[in-house]
Amino acid sequence: MASKSIVLPPLVPYPKLSWRSNMLPEEWEACLDAWISLTEAHLSIPSPDFVRISAKDESLPNFLASYFAETALSHDENSLANPSKTKQLRKQAYLLFYRLVSVDKSPESLLHWEVLADVCKVYGKEKGSKVTTLVWSKHSSIIEGSLGSVKSLLTEELDAGIKGNLKGSEIQLRRLNQLLHASPEAASFFMAGDDFVDGLVSCYKLMNPPLRKVIISTIYLCIIGLTEGPKPRFSSLVDQLYSLSAVAEAHKKGPTNVNDSLVAELVTVTPVLKQLQQRIDASGSGSSRAKSVIATLQGFRKPGGSCRSLRLVKKKPNKGKGLADTDDHENSSVHVHQMSLISQVQDLFPDLGSGFIVKLLEEYNDNTEEVISHLLDGSLPPSLNSADRHEEFELPNEPSASHADLVPHSTPPQLPTRRNIFDDDELDQLTVDASRLHFGRRNPDQTADDVLQDRSTAPNKAAILSALAAFDSDDDERDDTYDVADVGGTVDFANPEESNPENNSQQSAHDETLFRAYKSSPSIFARDATTRRSKERAAIRLDTGMTDEALEGWAVMLSRDPRQMRRLETRFATFKGEQTSLESTSWKAVEGEEDGNGNGNRGRGGRIRGQGRGGRGGGGRGGRGNGNVTGTSGDKETDVARQRKEANKGSRANHNRREGRARKMARGGFPG
-12 MASKSIVLPP LVPYPKLSWR SNMLPEEWEA CLDAWISLTE AHLSIPSPDF
38 VRISAKDESL PNFLASYFAE TALSHDENSL ANPSKTKQLR KQAYLLFYRL
88 VSVDKSPESL LHWEVLADVC KVYGKEKGSK VTTLVWSKHS SIIEGSLGSV
138 KSLLTEELDA GIKGNLKGSE IQLRRLNQLL HASPEAASFF MAGDDFVDGL
188 VSCYKLMNPP LRKVIISTIY LCIIGLTEGP KPRFSSLVDQ LYSLSAVAEA
238 HKKGPTNVND SLVAELVTVT PVLKQLQQRI DASGSGSSRA KSVIATLQGF
288 RKPGGSCRSL RLVKKKPNKG KGLADTDDHE NSSVHVHQMS LISQVQDLFP
338 DLGSGFIVKL LEEYNDNTEE VISHLLDGSL PPSLNSADRH EEFELPNEPS
388 ASHADLVPHS TPPQLPTRRN IFDDDELDQL TVDASRLHFG RRNPDQTADD
438 VLQDRSTAPN KAAILSALAA FDSDDDERDD TYDVADVGGT VDFANPEESN
488 PENNSQQSAH DETLFRAYKS SPSIFARDAT TRRSKERAAI RLDTGMTDEA
538 LEGWAVMLSR DPRQMRRLET RFATFKGEQT SLESTSWKAV EGEEDGNGNG
588 NRGRGGRIRG QGRGGRGGGG RGGRGNGNVT GTSGDKETDV ARQRKEANKG
638 SRANHNRREG RARKMARGGF PG
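Structure (structure tokens):
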């Protein structure tokens, strides 16, 4: 009956870092004492009462979830409080969480994947694996529902690529990796099916280095998780390795860089293949399929990858009998290259402190693959296995006093001094009158209105009027638009469309030869081997001195340029220079032909009087009536024709005949 009267006050949630930083040390220590007392009280309750009281207390899940989340984010070992109390609260929070999830009706808020991931990050793989295995055995449906929602959400975001929330996906994957590292069941859940892995492969193609790093860690932890646990899933592992091999082959055949793929990066920067080979051999279930696919994936390793020797170097124990090391401070500091090695290990084991990782690197000669291998296998030496895994490396603040600079040195050269235009002025020589110096404004009480009303410095009106009178508004300025000196360079007055006169004659000769060959037989310029070996092609090459490619290119350009075709036809298609004789172009009447326009054939060229120079375009000048100057005297038409002849002589005389003869000679005709 006494147990029914147990009433414990509720626990307040663990505050955020911004709140903790504003609390006094005494206030923070009082909070720690209250949390420690209440957690001890809940842990001391017997099991029947614990299910009735503690499991139904809503303040416990809120406190534990906030404590794990804040501790995982800040790795907080609060300096304001006693470290022993902080460690005690850390231990009791884990025990209380383990006891709450072990009951049949655990608070559902503690079974979300976010809380389990934070627990795995805060307490490491060993304790995290213990509690996650318990959760999967007693509350598998709840944890599968929580992981299923985040799996589908991440798959959609990863498939969306650049259109998705890449930063949010990176944060969720980084938090999820803590759970995958400690829970083989979670790794197997995410490797079931191809959607999640395909999303990782698709999103890795984006050039986002932080996200790529997290994706490599995720796929590595998922693959390694299939080989862990009481029942390793080697069959599913081999299927996933074959899928990755197919992805790598498809990427290799694509247009992108062969080495810029998820598989190539995975097998190069992580010891995944070595770990798989060792665990398959240790299990005794090695098959030819597993060996062949591992050998295939080994071929995708990038050249120049991490190829450090795995040879163990036995270190001599330090007995403390040697001489004092004067460079102890220099040897204890972390070198720059070790910082990158620490970050590589912390990507896979974020719960490890930098000081502990430095010890691991010193033990295994800065070989990250060997460090990761021993951490995964749990085969660390006893000295490191019992060390504090959350130890942070602290750089000493005191300067090294190991070397006494008592050796005399030569005087170093003086540093150059800067000089400017104000050197040696009155202010530099401190000869300026102190009354001229002031701080800020010379007259602090003066306003803008005072400045505008002060006309002492205003320009004189008479000076302005005299300047305006001297200005001639009608005087036009000289137009220097086309001055070469003002243009800023030489002006080229040449017409860019005109051909170069130096190459004009040679090009014209080639154009004529090529054009006549093209018009006679365009097939001579065909682009096949038979045409190139033909006699006609050889003759053209000999005449022009051009190669086959140049000849074929000339023909192609001519066929594409109708204007050039017309120009060449105008130049070369009318007169070929092959006419050896000139025929008479004068018209002569055939004997026996009816004289419809008179019988006379007098006149140059045999034109009949009255017929005129018609014939082109129908008709012509003259031809009006049948009058002829050689007709019968007294005839009316003859008299009219003679009068016209006499009238025209006065105006044109023989000018028309001379012009006609000149035009005839210009056409190439000769008198005959």
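If you use our numbering, the sequence shown corresponds to residues -12 to 659, in order. Glycine included, each C-beta is placed from N, C-alpha and C at the ideal position.
- Relative to E356, the option among F177, K92, I329 whose CA is nearest is I329.
- Look at D548 here: in three-state DSSP terms it is coil, with no helix or strand label.
- In the three-state reduction of the DSSP assignment, A445 falls in the coil class.
- Within a 10 Å sphere around the beta-carbon of S223 sit fewer than 16 other beta-carbons, which makes this residue exposed.
- Taking L82 as the centre and dropping the five residues before and after it, the same chain places the C-beta of L30 closer than 7 Å to its C-beta, in chain order.
- One alpha carbon belongs to V256, the other to V122, and they sit about 33 Å apart.
- The C-alpha of R528 lies about 17 Å from the C-alpha of K506.
- Put simply, the backbone Cα of P217 is about 28 Å away from that of H377.
- When C-alpha distances from F380 are compared across L363, T398, L414, F343, the shortest belongs to F343.
- Annotated three-state conformation of M10 is coil, per DSSP.
- For S248, no alpha helix (DSSP H) run applies, since DSSP gives it neither H nor E.
- In the structure shown, L134 adopts helical secondary structure according to DSSP, grouped into three states.
- Between S170 and P219, the gap from beta carbon to beta carbon reaches 8 Å or more.
- A check of alpha carbon separations from S360 across Y207, S397, R550, K192 identifies Y207 as the nearest.
- In this structure, DSSP gives M533 a state outside helix and strand, which the three-state scheme calls coil.
- Look at F221 here: in three-state DSSP terms it is helix.
- Here M178 is buried. Its C-beta has 16 or more other C-beta atoms within 10 Å.
- Only buried fits H497, as 16 or more other CB atoms lie within 10 angstroms of its CB.
- Across the structure, I23 and E143 are spaced so that their CA atoms are roughly 43 Å apart.
- In the assembly as shown, W6 is an exposed residue. Its beta-carbon has fewer than 16 other beta-carbons within 10 Å.
- In this structure I202 does not touch L213 by the C-beta definition: roughly 18 Å separates them, more than the 8 Å allowed.
- Segment contact: the stretch 158 to 172 against the stretch 100 to 115, three or more CB-CB distances shorter than 8 Å; contact assigned.
- If you look at R77, you'll find it in the alpha helix (DSSP H) that goes 70 to 89.
- Non-local C-beta neighbours of M10 in its own chain, meaning closer than 6 Å and more than five positions away in sequence, are absent.
- One thing to note: L60 has its Cβ no nearer than 8 Å to the Cβ of F84.
- The C-beta distance from V280 to V225 rounds to 6 Å, short enough to meet the 8 Å contact threshold.
- Taking a 10 Å sphere around the C-beta of Q433, we find fewer than 16 other C-beta atoms and assign the residue as exposed.
- Straight across, the Cα-Cα distance linking D415 with R406 is about 12 Å.
- Assignment of L153 by DSSP, reduced to helix, strand and coil, places it in the helix class.
- Under the three-state reduction of DSSP, G186 is assigned to helix.
- If you look at F426, you'll find it isn't in any alpha helix (DSSP H); DSSP assigns it neither H nor E.
- L4 is a Cβ neighbour of E57, given a cutoff of 8 Å.
- No Cβ-Cβ contact shorter than 8 Å links S156 with L134.
- Exposed is the label assigned to T418, since fewer than 16 other Cβ atoms lie within 10 Å of its Cβ.
- The alpha-carbon separation between G111 and P94 amounts to approximately 23 Å.
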